[in-house]
Amino acid sequence: MRIPPLPPALLTPFHGFALLSAGALLTSLLWPDPLVGRSLFLQILAFLQGVLALQTGEAERGYGVFSGKVRVSRLFTFSCLAVVVVAPFLLVYRAETGTGWREFFFSLLFLLAHGFVWAVGGYHLPAVIRSEGLRFLAKYGGVVLVTVVLAFFVPWVSGVFVLPTLWEGRAEGWPGLALYLGLGGMSALWSWRKPKRS
Amino acid sequence: MMIFLLLLVGVFPASAVEATVEVGWAGRAVASAVNPVWLTVSNPGALPFSGEIRISAKIGSPWRGEARYTAGIPLFLAPFGRAKLLIPWPVALGTAALAVEIRAGERGVFAREVPVWLETERLRGALGPPGDPAEVSLSPHDIPPDPLFLWPFSQLRINLVLPGEALSVVRAWAMFLGGISEVSPPFGVLLASLPLRQRVQGLRPSPPLWAALVPGLVLYLFALGPLLARFSRGNIGLFLAFSVVFLGFSLIYGVWQEEPRAIHSVLVRVSCPGFTMFNLDLWGGVAWRKERWALPGFWVELLPERGWEGLDLLWVHSAEGWRTEAWLSPGRPRLFLRLAEEALPFPALAEAAPPAWLQQTLRLPWEKARIKTALVREKESQTEVFQVWVP
Numbered sequence: 001m002r003i004p005p006l007p008p009a010l011l012t013p014f015h016g017f018a019l020l021s022a023g024a025l026l027t028s029l030l031w032p033d034p035l036v037g038r039s040l041f042l043q044i045l046a047f048l049q050g051v052l053a054l055q056t057g058e059a060e061r062g063y064g065v066f067s068g069k070v071r072v073s074r075l076f077t078f079s080c081l082a083v084v085v086v087a088p089f090l091l092v093y094r095a096e097t098g099t100g101w102r103e104f105f106f107s108l109l110f111l112l113a114h115g116f117v118w119a120v121g122g123y124h125l126p127a128v129i130r131s132e133g134l135r136f137l138a139k140y141g142g143v144v145l146v147t148v149v150l151a152f153f154v155p156w157v158s159g160v161f162v163l164p165t166l167w168e169g170r171a172e173g174w175p176g177l178a179l180y181l182g183l184g185g186m187s188a189l190w191s192w193r194k195p196k197r198s
Numbered sequence: 001m002m003i004f005l006l007l008l009v010g011v012f013p014a015s016a017v018e019a020t021v022e023v024g025w026a027g028r029a030v031a032s033a034v035n036p037v038w039l040t041v042s043n044p045g046a047l048p049f050s051g052e053i054r055i056s057a058k059i060g061s062p063w064r065g066e067a068r069y070t071a072g073i074p075l076f077l078a079p080f081g082r083a084k085l086l087i088p089w090p091v092a093l094g095t096a097a098l099a100v101e102i103r104a105g106e107r108g109v110f111a112r113e114v115p116v117w118l119e120t121e122r123l124r125g126a127l128g129p130p131g132d133p134a135e136v137s138l139s140p141h142d143i144p145p146d147p148l149f150l151w152p153f154s155q156l157r158i159n160l161v162l163p164g165e166a167l168s169v170v171r172a173w174a175m176f177l178g179g180i181s182e183v184s185p186p187f188g189v190l191l192a193s194l195p196l197r198q199r200v201q202g203l204r205p206s207p208p209l210w211a212a213l214v215p216g217l218v219l220y221l222f223a224l225g226p227l228l229a230r231f232s233r234g235n236i237g238l239f240l241a242f243s244v245v246f247l248g249f250s251l252i253y254g255v256w257q258e259e260p261r262a263i264h265s266v267l268v269r270v271s272c273p274g275f276t277m278f279n280l281d282l283w284g285g286v287a288w289r290k291e292r293w294a295l296p297g298f299w300v301e302l303l304p305e306r307g308w309e310g311l312d313l314l315w316v317h318s319a320e321g322w323r324t325e326a327w328l329s330p331g332r333p334r335l336f337l338r339l340a341e342e343a344l345p346f347p348a349l350a351e352a353a354p355p356a357w358l359q360q361t362l363r364l365p366w367e368k369a370r371i372k373t374a375l376v377r378e379k380e381s382q383t384e385v386f387q388v389w390v391p
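One line per chain: the protein sequences are F and A, in this order.
Everything in the first sequence is counted per the numbering used here, starting at 1 for the first residue and increasing by one.
Everything in the second sequence is counted per the numbering used here, starting at 1 for the first residue and increasing by one.
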């Protein structure tokens, strides 16, 4: 299988994602309160990944003419790429926080599913909201609403909550992982069966 | 005949037992203190009873976070037998009732919810003839074996001569739990848990290897920029090779940096030889992974202001006495206290000056105190031990 090249429009978002994630890692390791430092990097990472995934989906919308199957695999590849870019940081953070390998792999799985679901959302958003201004608001407002605001009310939908809980091996993270895996699977299936479009 | 009796025990292993429960001195339970729970259990049946008493209570609130305390005590009763048990029970804010259950194997034979009316002020008591009606009157027989039971009292008026062991218990309560009485020492040990909590929270296995981490991060980001650009032009191989190399470096860093010892802790023992046989033990620990923690003895948690979620505790009684068990969550320090008579198996301790955090944790005449310290490394844990002798 050929790995699709990264669309040039995504170059800056990926650079920004890597830079900000590295900054978040250093900030977390330097944070004076270890309790905050243990989850800060993951919370920032979940938020940044949501933003990057939305941008990825939106950029994909105007990129080439592909079948639903190819589109899904492209979105999944770029979601994987985002995880690969920050994987060295996660490996360092795993050692610094003493998390087990099992928790580490579940967290990676969640990041993959979380990124893919947001990327699919970003891909379909222009079809739903035509106005660019409204779309801008919906895009970033949506990611803030779901990952930050809902973390207080429906925590298992928020990556900011689910990722640190999976990292610590707490059972509260499982519904969130199941939700994103389920959503990812369903959206992949739905997009897979869609006819060819730009 | 013997076989027949054994068969009878097997067929009817658990007849119903009867129990009465009383919480607190004179039925008054004081918050943030260890209160006595008197449990009288009787077996009205003609067969012996073998089972377990399970006591549990919720502590906290949705605002503070909620946790559950549980105690398990084995129970053996002869036919028509009766037992009166004295169980220490730390009552914390949010405790509204104690659930007492007696089980024979999997079958519950007694269950009752005992309401707890919390008093926020500590009690006043009198040993001997009562003077003030507001005082709780105690006889020398009421003096418990563990000074923790006297925690609900702020004052004890002593109107009689106490036997040696009871005197040691009352002195330990006066010395370590801030009690006032005729046998109080000229100074007491005042405990402030926050400095110890901060000290324990700051115990991390080893700081990040900044000399490797920062240059590695800079190099990674420096190379990632152009390689992602090449990726977007279709040259993927170099990016993949670069990713594999850096993942390898990170993996080596992680394995190198990973701490084999899961629990890092501090154990402080304060003794006042000649005044009381009891010692104050403080244990504070933090885990780097989720770890099961167990120590012999009845340990009470020094709770933080908030964040009680998950601070569950289990006390198990056996032939060796009490054992305290808890889960330590990663990065979340937990502090425990007990008053114990037995010696701890300390290694060679070296004379040392008291560290600032210890002086802030324990207010005592440090200019007169002697302190020795040691670092105990075991397979799973590392403990800083401090032994303080107060003259």
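Positions of the beta carbon are idealized from the N, C-alpha and C atoms, including for glycine.
As the structure is a computational prediction, the values presented were derived from the model and not from experiment.
Taking every protein chain shown into account, the CB of E168 (chain F) has 16 or more other CB atoms within 10 angstroms, so this residue is buried.
Boundaries of the beta strand (DSSP E) harbouring S154 (chain A): F153 to I158, taken from the DSSP string. In the displayed model, I102 (chain A) falls within a strand according to three-state DSSP. Nearest CB-CB separation between Q257 (chain A) and chain F: below the 8 Å threshold. In the DSSP assignment, T276 (chain A) falls outside any beta strand (DSSP E) and carries neither an H nor an E.
The C-beta distance from E66 (chain A) to I59 (chain A) rounds to 7 Å, short enough to fall under 8 Å. Cβ contact annotation for W293 (chain A) (same chain, cutoff 6 Å, sequence separation greater than five): A326 and L328, in chain order.
At a cut-off of 8 Å between beta carbons, K290 (chain A) contacts chain F. When 8 Å is used as the limit between beta carbons, A348 (chain A) is near no residue of chain F, the shortest such separation being about 30 Å. Remark: three or more beta-carbon pairs, one from each stretch, lie closer than 8 Å, so the stretch 98–112 of chain A and the stretch 48–57 of chain A are flagged as touching. Looking at the backbone, the Cα of A348 (chain A) and that of R370 (chain A) are separated by about 15 Å. Just measuring C-alpha positions, the residue of A:P365, A:A31, A:V376 and A:P391 sitting nearest L190 (chain A) is A:P365.
At a cut-off of 8 Å, the C-beta of G115 (chain F) has no neighbouring C-beta in chain A. G64 (chain F) and A119 (chain F) have their C-alpha atoms roughly 16 Å apart. The beta carbons of V148 (chain F) and F47 (chain F) sit about 7 Å from each other, so the pair counts as a contact at 8 Å. Counting along the chain, the unbroken beta strand (DSSP E) around R54 (chain A) starts and ends at F49 to S61. In the three-state reduction of the DSSP assignment, E258 (chain A) falls in the coil class, being assigned neither a helical nor a strand state. By the rule that beta-carbons nearer than 8 Å mark a contact, A87 (chain F) touches chain A. Against chain F, a Cβ distance below 8 Å from F246 (chain A) picks out P88.
Residues of the stretch 52–78 of chain F that bring their beta carbon within less than 9 Å of a beta carbon in chain A are absent altogether. Contact of G100 (chain F) with chain A by beta-carbon distance below 7 Å involves R289. When 7 Å is used as the limit between beta carbons, A46 (chain F) is near no residue of chain A, the shortest such separation being about 18 Å.
The DSSP-derived three-state label of K69 (chain F) is helix. In the three-state DSSP reduction, P126 (chain F) falls in the helix class (H, G or I). Collapsing the DSSP output to three states places T120 (chain A) in coil.
Of all residues in the stretch 107–133 of chain F, none comes within less than 8 Å of chain A when Cβ atoms are compared. Under the DSSP definition of a beta bridge, R112 (chain A) partners with A:V100. Secondary structure at A353 (chain A): coil, using DSSP grouped into helix, strand and coil. Of A:A192, A:I158 and A:L196, the smallest CA-CA separation from I180 (chain A) is found for A:I158. Taking C-beta separations shorter than 8 Å and ignoring five residues to either side along the sequence, R2 (chain F) has no partners in its chain.
Close to chain A, meaning a Cβ-Cβ distance shorter than 8 Å, are the following residues of the stretch 5–21 of chain F: P5, L6, P7, P8, L10, L11, F14, H15, A18 and L19. Selection F:E96, F:T77 and F:L137 evaluated against L111 (chain F) yields F:T77 as nearest (Cα-Cα). Judged by beta-carbon spacing, G182 (chain F) lies beyond the 8 Å limit of W156 (chain F), meaning their Cβ atoms are not closer than that value.
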